[in-house]
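Okay, structure first, notes after.
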Amino acid sequence: MNSAMSVVIIVCGLLLQAEALKIILYQPAFGHSHMQFSGKLVDILADAGHEVHMLIPEWNPETTSDGTTRAASSRRIKSASHGVVFTQLDHLKDPYRMTVWRFLLKSDQLKAIVGISGEFCRLMVNDEDLIAWLRNEKFDVALASMYDMCAQGLFHVANIKPVMGFLATPAASTIFSMFGISTPSSYTQGVSYIDHIIGTQYKLPVENFRVYFQIS
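Residue numbers (mature numbering (1 follows the signal peptide of the UniProt record, and there is no 0)): -20 to -1, 1 to 196.
The following block contains the structure:
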């Protein structure tokens, strides 16, 4: 092999290596389906040559699968007290009667979710070892499940940017509201949109306004 060919091979190798990103993916362990969704994202990114690490606040301790075996590492954040709280929510105790959409419209259940999110967020932001690990790993980008706001603050503290979000469901008005994005309730789907796919459509914007003021 002549020297010119060696140079070409080395340069091509460096260019290909430069295209690979080191990614941190944030996914609270709500349930099996959410982990499968984010796990598929990990698989797709790994197939494209990227290095993906997972950060998983373990909201539901019964959700033990990461949804993938392709992650470079998986770091789970545990909280014994809220693991018990989450598994006792109505939607998990009686999923056939208490659908997720009816569950989200109950103020006590919604407050429980907000409390769980806040507890895990405080746990992570105050975890010096976790913050040091996030900083030292020099991640190029963060991907975050958008069902709670913690990832944006956590990655800001760890100086990781950009932060991009993803959802395993259609984006409801509550998601936009969390990030201060103005959305017309007459057009944006609310958390109860499933109940209104069949039926009188004029009820949807009215219901959206009700939910908006309930969580404000």
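Ideal Cβ placement from N, Cα and C applies to all residues, glycine included. As the structure is a computational prediction, the values presented were derived from the model and not from experiment.
Of the candidates 68, 121, 23 and 9, 121 places its Cα closest to the Cα of residue -2. Taking a contact as a CB-CB distance under 8 Å, the pair residue 33 and residue 53 counts as one, their CB atoms being some 5 Å apart.
Pairing residue 113 with residue 71, the inter-Cα distance amounts to about 35 Å.
A direct Cα-to-Cα measurement between residue 91 and residue 97 gives close to 10 Å.
Distance from the CA atom of residue 94 to the CA atom of residue 103, rounded to whole angstroms, is 14 Å.
Nearest in C-alpha terms to residue 88, of all of 51, 65 and 118, is 65.
Here residue 3 is actually not in contact with residue 147; their C-beta atoms are around 17 Å apart, not less than 8 Å.
When DSSP reads this structure, residue 5 sits in a beta bridge with 34 and 123. In this structure, 47 is the residue among 42, 140, 111 and 47 with its C-alpha nearest to the C-alpha of residue 7.
For residue 97, the enclosing alpha helix (DSSP H) stretches over residues 87 to 105.
Taking 8 Å as the cut-off, the beta carbon of residue 11 is found no closer than this to the beta carbon of residue 49.
One thing to note: residue 18 has its Cβ within 8 Å of the Cβ of residue 125.
Listed as beta-bridge partners of residue 111 by DSSP are no residues whatsoever. Residue 145: member of the beta strand (DSSP E) spanning 143 to 146, first to last residue. When DSSP states are grouped into helix, strand and coil, residue 45 belongs to the coil group.
Residue burial is scored here from C-beta neighbours: residue 24 has fewer than 16 other C-beta atoms within 10 angstroms and is therefore classed as exposed. For residue 161, no beta strand (DSSP E) run applies, since DSSP gives it neither H nor E. Per DSSP, the continuous alpha helix (DSSP H) segment holding residue 24 begins and ends at 12 to 27.
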